[in-house]
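Chemist: I'd like to ask some things about the structure below.
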């Protein structure tokens, strides 16, 4: 998985996520209220591993993509924990920097995480390649776009990014339409894999909501 776009303008955040996954992998039919290590969060859940690919809580808005900055040369069949569980482990920490310093990533598959700290308005993009965790502070960046390095090439990412407006006609509805136009159909890249859902988090200084659209 997947494709994400992230907009930050004034006090508004729009994070939208296409989940590209096996069409046979079952996910929850709706957003659920759950607790992880005593911390409340809201997310659609992966029924197989019990993790998630996107969530929000009192402190964080976060999502994950398979693969790091570059496409992995090879991957293993067994890892210590799923990346969907790892994403929830952010909830255990008071800050992203604390997560980066303290979390043991040994035997974790490559990933990209975008995470926004709600209270101090800091945004980070994390890349893990099974050897090194790269933590990029993007707090001064108002637009972020990434594709899963396991499914899409760098040229694909550049082409897709051009579809997104740079702060003209920005609304959750308009961004959602663009994400619908980027949906992967079964067999486009791999037989049995498609965009199984699109999820969007919209946050202002006073409220936060999640729109979840499952297709399988």
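In the numbering used here, the protein residues as written are 1 to 216. Using N, Cα and C, we set each Cβ at its ideal position, and we do this for glycine too.
#1: By the 10 Å Cβ neighbour count, where 16 or more other Cβ atoms means buried, how is residue 23 classified, buried or exposed?
#2: For residue 221, collect the residues of the same chain with a Cβ closer than 7 angstroms to its Cβ; drop the 5 residues on either side in sequence, then sort them by chain order.
#3: Could you check what DSSP says for residue 118 in three-state terms: helix, strand or coil?
#4: DSSP three-state label for residue 2, please.
#5: For residue 185, collect the residues of the same chain with a Cβ closer than 6 angstroms to its Cβ; drop the 5 residues on either side in sequence, then sort them by chain order.
#6: Could you compute how far the alpha carbon of residue 83 sits from the alpha carbon of residue 56?
#7: Identify every run of the beta strand (DSSP E) within the stretch 161-190, keeping only runs that are complete inside it and at least 3 residues long; order them along the chain.
#8: Give the secondary structure of residue 103 by DSSP, where H, G and I count as helix, E and B as strand, and everything else as coil.
#9: Let me know if residue 180 comes out buried or exposed under the rule of 16 or more other beta-carbons within 10 Å of its beta-carbon.
#10: For the beta strand (DSSP E) containing residue 146, name the first residue and the last one.
#11: Which word fits residue 40, buried or exposed, when buried means at least 16 other C-beta atoms lie within 10 angstroms of its C-beta?
#12: Can you find at least 3 beta carbon pairs, one from the stretch 92-107 and one from the stretch 146-157, that sit closer than 8 angstroms?
#13: Express the C-alpha separation of residue 61 and residue 77 in angstroms, rounding to a whole number.
#14: Taking only runs that begin and end inside the stretch 3-40, name each unbroken beta strand (DSSP E) of 3 or more residues, in chain order.
#15: Any idea if residue 31 is buried or exposed, counting beta-carbon neighbours within 10 angstroms, 16 or more meaning buried?
#16: For residue 193, which of helix, strand or coil comes out of DSSP?
#17: In whole angstroms, what is the alpha-carbon distance linking residue 165 and residue 142?
#18: Since residue 151 is in the alpha helix (DSSP H), which residue starts that stretch and which ends it?
#19: For the alpha helix (DSSP H) that residue 85 lies in, which residues bound it at each end?
Modeler: Result, derived from the coordinates:
#1: Looking up residue 23 in the chain shown gives position 23. Exposed, since its Cβ has fewer than 16 Cβ neighbours within 10 Å.
#2: Residue 221 is absent from the model: the chain starts at 1 and stops at 216.
#3: The residue labelled residue 118 in the question sits at position 118 within the chain shown. Residue 118: coil per DSSP, three-state reduction.
#4: Here residue 2 refers to the residue found at position 2 of the chain shown. Residue 2: coil per DSSP, three-state reduction.
#5: Reading the chain shown from its first residue, position 185 is the one you call residue 185. Result list for residue 185: 194, in chain order.
#6: Here residue 83 is taken as the residue at index 83 of the chain shown, counted from 1. Here residue 56 is taken as the residue at index 56 of the chain shown, counted from 1. Roughly 16 angstroms separates the two Cα atoms.
#7: none
#8: If you number the chain shown from 1, residue 103 lands on position 103. Residue 103 falls in the coil class under three-state DSSP.
#9: By 1-based counting over the chain shown, the position of residue 180 is 180. So residue 180 ends up on the exposed side.
#10: If you number the chain shown from 1, residue 146 lands on position 146. From DSSP, the beta strand (DSSP E) with residue 146 extends over 143-147.
#11: For the purposes of this step, residue 40 is taken as residue 40 along the chain shown, with counting starting at 1. It counts as exposed.
#12: no
#13: Taking the first residue of the chain shown as position 1, residue 77 is located at position 77. Taking the first residue of the chain shown as position 1, residue 61 is located at position 61. Straight-line Cα distance between these residues: approximately 29 angstroms.
#14: 3-9, 12-22 and 32-36
#15: For the purposes of this step, residue 31 is identified with residue 31 of the chain shown, where counting begins at 1. Counting Cβ neighbours within 10 Å, residue 31 comes out buried, since at least 16 surround it.
#16: Along the chain shown, read from residue 1 onward, the residue named residue 193 stands at position 193. Note: residue 193 maps to strand in three-state DSSP.
#17: Here the question's residue 165 lines up with position 165 in the chain shown. Here the question's residue 142 lines up with position 142 in the chain shown. Cα to Cα, the separation comes out at about 12 angstroms.
#18: Here residue 151 refers to the residue found at position 151 of the chain shown. Where residue 151 is concerned, there is no enclosing alpha helix (DSSP H), given that its DSSP letter is neither H nor E.
#19: Position 85 of the chain shown holds residue 85. Its alpha helix (DSSP H) spans residues 83-89.
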